[in-house]
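Residue numbers (the working numbering), protein chains in the order written: chain A, 114 to 427; chain B, 4 to 214; chain C, 28 to 512; chain D, 1421 to 2115.
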């Protein structure tokens, strides 16, 4: 019997750090790419791709607004979102080979970190006592309840296909080796992950990032009362989460274990951009779903992953 | 096998039916007294005559034919109970049940392995009396008739005890003793109080809505 | 000599105490003195058994073997507890100076001792009859219509039962005809068991089982129990449920002993098991939704005699468990009925569900009632746990898992039913009990000492079975064809 | 106190005397702990006239006893293996044996820590109750309860086990009905008692069935008999699920749990939810230890029950508006998670995957300990809230974080832990359970027909449980501690809890954080426990437990995450520009917002519950001005109560049989006699006896 996974190397390789840097720097561009794609497809010019960088810069220079009704949780939320999302990124083999931190079962940690971010953000929203933010929080946790089993199913399917319990392995070389014998289930898992990306990152058809009507919002409405640097962190966190899920999707569809470091990072960047374009395409061709239909979409995504697992167990 | 015994036993069974058939309480008690008399006579004809047998016969007659029936009659008078028997099951049905009991008694007796049988009729008569006692006990309303039924049950057991007088002494005496006990307690205390409490010896009226 | 004294000392005291004038306080003292003397004599039988335990020393038809000693001791201890309780009881509720009360109690003790010590089945029967009749006036203690009805039913059913038992004894005598040995003497019957005529022995078993089973209160012959226990004073109910039941069990055990010795265990056991399970089922059915504590305890008594029969029927460990249960049951029934009696005394009405908050109103009795619920339902660490667990083990050891599971399911139901009533009565109560009588005066030391002592004994038996008791249990179980678990 | 007789140590007594004294130390410590706790309780009850002195003595004695027991547990977890102590018994069932192994130790640790914390919390809590009752009895019962649990895990024979078990159950009952003036408390108590007694009876049958014809009910003797049990011990295993499952609160045997927890004083809820129900888990694991490899159906059944308990428990929790009832349903959920671990472990034994077995059982053990810590902590918080506001109704609470910051912080820590967020202890336990369900390399290499791989299907259930738990605790914290108060009358007097209540809460929160931050401390012992339970499965000895635990990287991960969070929080002021400006909550332009316009607990949970309506047991109530949901337990309302009513109705139909008619009564006797005579005939009783010579 072989050990389930060797402990990760103490020092992460340089390419992994570089890939992480690319991911972090590129993240704010992804919503821009999506919006631009959608605009182009619907015959408009749209906002610039780099819009979010400008917004963040602007927000960071603003004063902090303090709602007297709130507690420290209100301020801690954005911080925890950023930290947990970045920490989750550390677990992914962004350069195709190595993750900065890796251990057997770190896929659970990945999901746990996302949950931590959600927990902090939703509590920060509830801290204001606003009924809008309560509504948003309720929707967020409701959809997350349907999305989380899907995410774990996808990761479990990858673990089953690769026989590896680390994200490093299940998105790295073992995955590349698994594609030839398990193409269909892996494709199902990839599609499922993409749908989950749409939901987890509050993109259409689940949410509409561009809406200005509070009652129809999900993610945006939670942070209605955040402003200035806090809001900048929230926006950045959202972008990072999109990048994170994008990296997952890219990892499944484009295992880069065989490539050189530079090529792998380039593929990552291209893949992320492609995912963003894909998001834009989806948003432009699909109308926003009624709220009650969202769980069906998510259960459908989970079913895809489950089907993949059943194929693998066969 | 003395024919006298046969005759007596037949009469015993007849008295059973008399109890079942009669509609008056006084008739019931008279039939019971007659049965007691017959029972007292039986040891004399079945067993060799001895002082013990005579004492037993005299005691039986005294208790079963004289004291207890008188006691019952006195209780009826004292409590001014209405004279009807008031059965839960009709007289014809009771008689049919009784007939069935006798048939069953003969059937069972034929299958019983008895080593020494003083008389062929003894065991069937015992069983029949026992069963008819149960019938009276369960199908008659009044406390007095229930006592009558019980005493018939006792008489049945006494009859069976006659088969064993030779091997085990004092068994029959135990039966008579039982009568005395029951006589004293049931009649002396309870019936008296039933009279005082509810002016009737209808045991149905003693039914409390329990569970 | 001691045996004779055990039997006739109480009767003598009764005779001596009868002419005492009321209010002298001597009558309760005489009762306690007789009980103490009886217990002391019984204890002496434990320390120094009459010479040559096997075969039993026989004084005429009296003798002491393990089975009888067990029943005798149980009765003696229970009676002592009852006598101490009676001191307090007679101060509060003593029509006619308690003359009939005390005389009947002592007569009962005499009769019960005769049952326990007699080696002659006919004499056992006489004792049984006398014990039955001795308590009849006590049931009628309240002298109202309900208690009259109860006494009447008790007398008629008991008489029928005792008559059937007599017939059973006749059958046994018939079975013994032509066999060497003194007639109807237990040791001779056992010694010559193989030679008994099996057909008559079986018939005797059936009739004695129905007869003494009715006296025990096995379903479906249990019907007199709830009525009787409700009407009799708690002390009397306790003696009936503990001591009279034990005597009747002794009768069943004796005939089982003979039957098993004759190699007819296979015939005797199924009916015992059947009656046992039926009793449990009936108790379960009637315990649910029961509103009166003493009736509830009556059905609980049906349950426990069912367990006694079940253990006897299972054989093996079961006989031992049954005997231990005999001890436990007697003690716990005494405990609970005395407490129920306190409730009746304190509230002036029946111990029904209308009572609330007893744990607060009657601190000692209420808590004892609450604990008694757990003791009587076989919860560890009380002694009944040991015996009930042994019975379950016996069922499995005998290869009857279905019996064990049926028994456990019924016990669970019975517990739920009993708990519903007892907890309703004991807990709560602030605000609901504004009309409560001053409790302190009604809960004197005499009234709580006995239940406390009995509770302590039941608790002790959950942890510790004294060595002499162990050996007596072992010998008695061996006599019934059982073994020590 | 009992069972006088010779005490003799057996086992490794033959080793050098010094070694054996060292080894025996844990049991002596445990005995000291039990005695100290009991003495503390008795002293408190005896000093009811001088509560201050009594409380001080009680605190000191309980703390010392808890410490001694915890030390005993830690020593065993660190590798000590004390010899068993045998006490000659006069009761049937063989000698009374006591011992400690790693499995006992992990539960003993939970009992000692959570039990002691609850007892200390209870001192202040009961003193502050609005209608003070004599607290001495409650403290004595608490001492008895904790001592009994210590003995439950140490017992190595059926009889002492059952005695300790029932003393535990009964003392817990009396604690639950401490406020028995309220009818709903009495009802809850009765339900608890009926279920627990039925469970105890199931255990009676279990041990009886296991012992069979044997005379010794010692665990060693039972283990020796395990191989000869019919059908692989199917009956024993089924009864274990029944008896221990009822105590643990496995769906559908959980019906008593929410009622009792809601009815009990909060420190009692804490100890019941934290440790009493865990004794059921202990029992299940002990049965597996003694019985050896369970059959496959059992593993699947346990896993399925675990998934059902987890999902339904958290769903029902989400539907509650009663704070304590909500927490109680979360106990059902967490028992589900633990059972998933046990199920996986059991399947690991059955299918020969030692790693799976060790991870599953180890995860179950660790999650048990974790749950004891954070669930007690949560009940401490709930108790503080209930005491401060006088209500358990979420719809009347709100904004307490500003009034009770300490309580809010402690509750938040507990909530984050129970949801399984890193870097707290809940995450570590769930991580082990996840890993037992996920395929390992060995499993994949194994044949495709290996049914144990199907365990992966429990992964989404576990994920769903986690996400729903998050939703639920977001709801609780958001509604209770954040926003604005919804009912001024309830909240006007709300004050922070005193140190006597906050102290134990913070201690438990610190323990949660310690395990979460330094998983290396607990992972190796947890897997040793897992290995102990899985020991009869092949190949455990060959496992590299250290490699399996991944304790090093886990610890690095947890510490790094915690450090990052702390650093980011500390660095946050660097982002600030200029002075802060106050701004009210955005009201979408509505000029006069009131607290009543806030999202309520009903509305928060409604989307999820309505989505899962058939399972959730929620009834909606819509009026013009308000939306409310009403939660019912589908099992209790749909199954248990109708069954109980049906039984009572059936019993009522039997009443006429006992109407007091003498004739009928005599007829019953006749019927019994006739039945027996028929039996006699059937047995060949008449003229043709079979058993002997006919004349």
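A virtual CB, placed ideally from N, CA and C, is assigned to each residue, including glycine.
As the structure is a prediction and not an experimental result, all values here were calculated from the model.
{"Query": "What residue range does the beta strand (DSSP E) around residue 168 of chain C cover?", "Result": "From DSSP, residue 168 of chain C is part of no beta strand (DSSP E); its letter is neither H nor E."}
{"Query": "For residue 248 of chain A, return the contacting residues in chain D, with the cut-off set at a CB-CB distance below 9 angstroms.", "Result": "2019, 2023, 2024"}
{"Query": "Quick one: what's got a C-beta closer than 8 angstroms to residue 1839 of chain D's C-beta in the same chain, skipping five residues either side?", "Result": "1846, 1886, 1889, 1890, 1893"}
{"Query": "For a test of the three-state rule: what should DSSP assign to residue 1505 of chain D, helix, strand or coil?", "Result": "strand"}
{"Query": "Within 10 angstroms of the Cβ of residue 383 of chain C, are there 16 or more other Cβ atoms? Answer buried if so, exposed if not.", "Result": "buried"}
{"Query": "Counting only beta-carbon atoms, is residue 203 of chain C nearer than 7 angstroms to chain D?", "Result": "no"}
{"Query": "Count the other CB atoms within 10 Å of the CB of residue 155 of chain A; is the residue buried (16 or more) or exposed (fewer)?", "Result": "exposed"}
{"Query": "I'd like to know if residue 130 of chain C contacts chain B, where contact means its C-beta is closer than 7 angstroms to some C-beta of that chain.", "Result": "no"}
{"Query": "Should residue 402 of chain C be labelled buried (16 or more other beta-carbon atoms within 10 Å of its own) or exposed?", "Result": "buried"}
{"Query": "To the nearest angstrom, how far is the alpha carbon of residue 229 of chain C from that of residue 200 of chain C?", "Result": "12 angstroms"}
{"Query": "DSSP three-state call for residue 459 of chain C: helix, strand or coil?", "Result": "Below a pLDDT of 50, predicted positions are generally treated as unreliable, and residue 459 of chain C, at 48, falls in that range; the measurement from the model is reported next regardless. Of the three classes helix, strand and coil, the one that applies to residue 459 of chain C here is coil, per DSSP."}
{"Query": "For residue 137 of chain B, decide whether its Cβ has a neighbour in chain D, counting only Cβ atoms nearer than 7 angstroms.", "Result": "yes"}
{"Query": "In this structure, how does DSSP classify residue 1955 of chain D when only helix, strand and coil are distinguished?", "Result": "coil"}
{"Query": "Where does the unbroken beta strand (DSSP E) through residue 2048 of chain D begin, and where does it stop?", "Result": "2047 to 2051"}
{"Query": "Assess, as a yes-or-no matter, whether the segment 1501 to 1520 of chain D is touched by the segment 421 to 440 of chain C under the definition of 3 or more beta carbon pairs within less than 8 angstroms.", "Result": "no"}
{"Query": "Do residue 68 of chain C and residue 106 of chain C have their C-beta atoms within less than 7 angstroms of each other?", "Result": "no"}
{"Query": "Leaving out five residues on either side along the sequence, give the residues of the same chain with a beta carbon under 6 angstroms from the beta carbon of residue 80 of chain A.", "Result": "Lying outside 114 to 427, the shown extent of chain A, residue 80 of chain A is not represented and no answer is given."}
{"Query": "Take residue 399 of chain A and list the residues in its own chain whose beta-carbon comes closer than 8 angstroms to its own, dropping the five residues that flank it on each side.", "Result": "317, 318"}
{"Query": "Do residue 1554 of chain D and residue 1468 of chain D have their beta-carbon atoms positioned less than 7 angstroms apart in this structure?", "Result": "yes"}
{"Query": "How many whole angstroms separate the CB atoms of residue 1612 of chain D and residue 1921 of chain D, which I take to be in contact at a CB cut-off of 8 angstroms?", "Result": "Actually they do not touch by this definition, with Cβ atoms about 25 angstroms apart."}
{"Query": "Among the residues of its own chain, which have a CB less than 8 angstroms from the CB of residue 256 of chain A, if the five just before and after it don't count?", "Result": "312, 319, 331, 407, 408, 411"}
{"Query": "I'd like to check one pair, residue 1668 of chain D with residue 1767 of chain D: are the Cβ atoms closer than 7 angstroms?", "Result": "no"}
{"Query": "Quick one: using the 10 Å Cβ neighbour count with 16 as the cut-off for buried, is residue 1536 of chain D buried or exposed?", "Result": "buried"}
{"Query": "Where residue 1996 of chain D and residue 1747 of chain D are concerned, what is the direct C-alpha to C-alpha distance, given to the nearest angstrom?", "Result": "39 angstroms"}
{"Query": "Check each candidate in D:1947, D:1711, D:1623 and name the one with the smallest Cα separation from residue 1642 of chain D.", "Result": "D:1711"}
{"Query": "Going by alpha carbons, who is nearest to residue 1933 of chain D out of D:1539, D:1831, D:1897?", "Result": "D:1831"}
{"Query": "Can you give the Cα-Cα distance for residue 17 of chain C and residue 241 of chain A, rounded to whole angstroms?", "Result": "This structure cannot speak to residue 17 of chain C, because chain C is shown only from 28 to 512."}
{"Query": "If you run the structure through DSSP and keep just helix, strand and coil, what is residue 86 of chain C?", "Result": "Its pLDDT being 49, under 50, residue 86 of chain C is placed unreliably in this model, and the coordinates cannot settle the point."}
{"Query": "What in chain C is Cβ-close to residue 32 of chain B, meaning under 9 angstroms?", "Result": "The contacting residues do not exist; residue 32 of chain B stays about 18 angstroms from chain C at best."}
{"Query": "Determine which residues share a DSSP beta bridge with residue 319 of chain C and list them.", "Result": "C:379"}
{"Query": "Residue 2087 of chain D versus chain B: which residues are under 8 angstroms apart at the beta carbon?", "Result": "141"}
{"Query": "Tell me whether residue 2042 of chain D sits in a helix, a strand or coil according to DSSP, three-state version.", "Result": "strand"}
{"Query": "So that I know if they touch, is there some Cβ in chain D lying closer than 7 angstroms to that of residue 461 of chain C?", "Result": "A caution first: residue 461 of chain C carries a pLDDT of 44, below 50, which makes its placement in the model unreliable, though a value can still be read off. Taking Cβ atoms only, chain D never reaches closer than 7 angstroms to residue 461 of chain C, which makes this a no."}
{"Query": "Taking 7 angstroms as the threshold (C-beta atoms), are residue 144 of chain C and residue 89 of chain C in contact?", "Result": "yes"}
{"Query": "Please confirm whether residue 44 of chain B and residue 34 of chain B have their CB atoms less than 7 angstroms apart.", "Result": "no"}
{"Query": "For residue 215 of chain C, which three-state DSSP category applies?", "Result": "helix"}
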